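Let me begin by presenting the structure, written as structure tokens, before commenting on it.
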Ligand SMILES: Cc1cc2nc3c(=O)[nH]c(=O)nc-3n(C[C@H](O)[C@H](O)[C@H](O)COP(=O)(O)O)c2cc1C
């Protein structure tokens, strides 16, 4: 079976490690278009249970200093190299997005949290597709900061807020190797089963 160029693109899309994402990142107009693509996702009853924060270089530096401070505070014996690693971590790529879950409480009796969360996963994936469609590359990460209430507060959220992910965006320094995929034979079956 062949397919058109969109099928080919979707078949081959791969994330690129955040540390392999360099300048240039998407400009403001391209980033807007990427986010517009991102938001074109199924969202049962128009709940809109997501918020997207664009974190440019200045914000990344502030966030990095905050990660470093937290990491040092919570890891007594942490070597300076690790503290520096976390200072640099949110700054490794040109653009960083923080995507958080903000369930629509007015509609939650009708659209359960599970469905609202699912659409946030779809949003992140559509952003990845949008990024790659414009010739850039990205990686979707959580890591400990996504689960740290102080990081959530620092970003201006309630400390209980769930993070869908941090998406790092830039230009890939090299094409990524292929990654072993879970095959359809491992997860797909016919129902009812052929007997
Ligand atoms: C919600 C979510 C969180 C993730 N967090 C991390 C993470 O913290 N660290 C990591 O190495 N990969 C993480 N990943 C995996 C990478 O985003 C990605 O799957 C991996 O780099 C391979 O990507 P690809 O299959 O798009 O090529 C996460 C994936 C998802 C869906």
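In the working numbering, the protein residues as written are -14 to 180. All C-beta atoms in this analysis are idealised placements derived from N, C-alpha and C, irrespective of residue type, glycine included. Predicted model, so just to flag it, every value in this text is computed and none were measured.
Identify the residues that DSSP records as bridge partners of residue i: which are they?
i           : result
residue 86  : 35, 147
residue 155 : 122
residue 7   : 156
residue 81  : 40, 153
Could you give the residue range of the beta strand (DSSP E) that holds residue i?
i           : result
residue 125 : 122 to 126
Closest by CA to residue i, which one among the options?
i           : options          : result
residue 95  : 117, 31, 131     : 31
residue 83  : -5, 89, 176, 150 : 150
residue 128 : -4, 52, -6, 9    : 52
residue 122 : 71, 2, -10       : 2
residue 46  : 164, 163, 139    : 139
residue 39  : 5, 112, 65, 64   : 112
residue 116 : 6, 146, 62, 59   : 6
residue 143 : 125, 86, 65, 169 : 86
Output the boundary residues of the alpha helix (DSSP H) element that contains residue i.
i          : result
residue -3 : -10 to -3
residue 0  : Counting along the chain, residue 0 falls outside any alpha helix (DSSP H), and DSSP gives it neither H nor E.
Does the structure place the segment 68 to 82 close enough to the segment 148 to 160 that three or more beta carbon pairs sit under 8 Å? yes
Around ligand 1, Cβ to any heavy atom closer than 6 Å, ordered along the chain: -1, 0, 124, 125, 126, 127, 128, 150, 164
When the Cβ atoms of the segment 7 to 27 are set against those of the segment 93 to 107, are three or more pairs found closer than 8 Å? yes
For the segment 12 to 22 against the segment -9 to -1, do three or more pairs of beta-carbon atoms, one drawn from each stretch, fall closer than 8 Å, so that the two count as touching? no
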